Amino acid sequence: MKKIYLTKIFYFNAAHQYGHKDWTDKKNYEVFGPDSKVHGHNYILEIMVTGKVNDETGFIVDLGHLKKIVNEHVIDVLDHTQFEKEVDWFSDRQPSSENLVQFIWSQIKPRLKGASLYRIRLKETPTIFTDYYGE
11 MKKIYLTKIF YFNAAHQYGH KDWTDKKNYE VFGPDSKVHG HNYILEIMVT GKVNDETGFI
71 VDLGHLKKIV NEHVIDVLDH TQFEKEVDWF SDRQPSSENL VQFIWSQIKP RLKGASLYRI
131 RLKETPTIFT DYYGE
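In our numbering, the protein residues as written are 11 to 145.
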């Protein structure tokens, strides 16, 4: 069987601030630079799934099902937030895109039916993106 992959793109906007509460502003700036201040991104989220093509529909996944999961458990949770302050999962983690893709994966994978989550790509800027393929 040939492997087939489908990618759905989503968008959200969020802010974050790197740093440690027990560090001075100077030390946070030395380690994290300007990112030690609150700043935001217009994120582009690519969700790639793989699976067997359903003979009756011709699809790998019901896109309505995928969109519902991502919108309810990712976009609605992250959009227009300062997520390290508003999303409990980040209470003991830096709000990096490397951590953000792991959070997103954990929100989608257990809820996805009929296909397998293959890759998450999160574009933070036009020149920086993070890929995650799960554990």
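Cβ coordinates follow ideal geometry from the N, Cα and C atoms, glycine included. No experiment lies behind these values; they were computed from the predicted model shown.
Close Cβ partners of residue i (< 8 Å) along its chain, the five nearest in sequence each way excluded
{"i": "Thr-60", "result": "Lys-13, Ile-14, Tyr-15, Leu-16, Ile-70, Ala-125, Ser-126, Tyr-128"}
Enclosing beta strand (DSSP E) for residue i [first to last residue]
{"i": "Ile-79", "result": "Here Ile-79 belongs to no beta strand (DSSP E); instead the alpha helix (DSSP H) covers 73 to 80."}
Among the options, nearest to residue i - alpha-carbon criterion
{"i": "Val-80", "options": "Pro-120, His-26, Thr-34", "result": "Pro-120"}
{"i": "Lys-78", "options": "Leu-122, Gly-29, Trp-33", "result": "Leu-122"}
{"i": "Ile-54", "options": "Trp-99, Arg-131, Val-63, Glu-94", "result": "Arg-131"}
{"i": "Gly-29", "options": "Val-48, Lys-18, Ile-19, Phe-20", "result": "Val-48"}
{"i": "Tyr-143", "options": "Pro-44, Phe-93, Glu-56, Lys-95", "result": "Glu-56"}
Beta carbon of residue i nearer than 8 Å to that of residue j
{"i": "Asp-89", "j": "Ala-25", "result": "no"}
{"i": "Ile-85", "j": "Phe-22", "result": "yes"}
{"i": "Glu-134", "j": "His-51", "result": "yes"}
{"i": "Val-111", "j": "Thr-140", "result": "yes"}
Rounded Cβ spacing between residue i and residue j (contact assumed at less than 8 Å)
{"i": "His-75", "j": "Gln-117", "result": "14 Å between Cβ atoms; not a contact."}
Residues near residue i by beta carbon distance below 7 Å, same chain, minus five either side
{"i": "Glu-66", "result": "none"}
{"i": "Val-87", "result": "Val-97"}
Extent of the continuous alpha helix (DSSP H) run through residue i
{"i": "Leu-110", "result": "107 to 118"}
{"i": "Asp-35", "result": "35 to 42"}
{"i": "Phe-93", "result": "93 to 96"}
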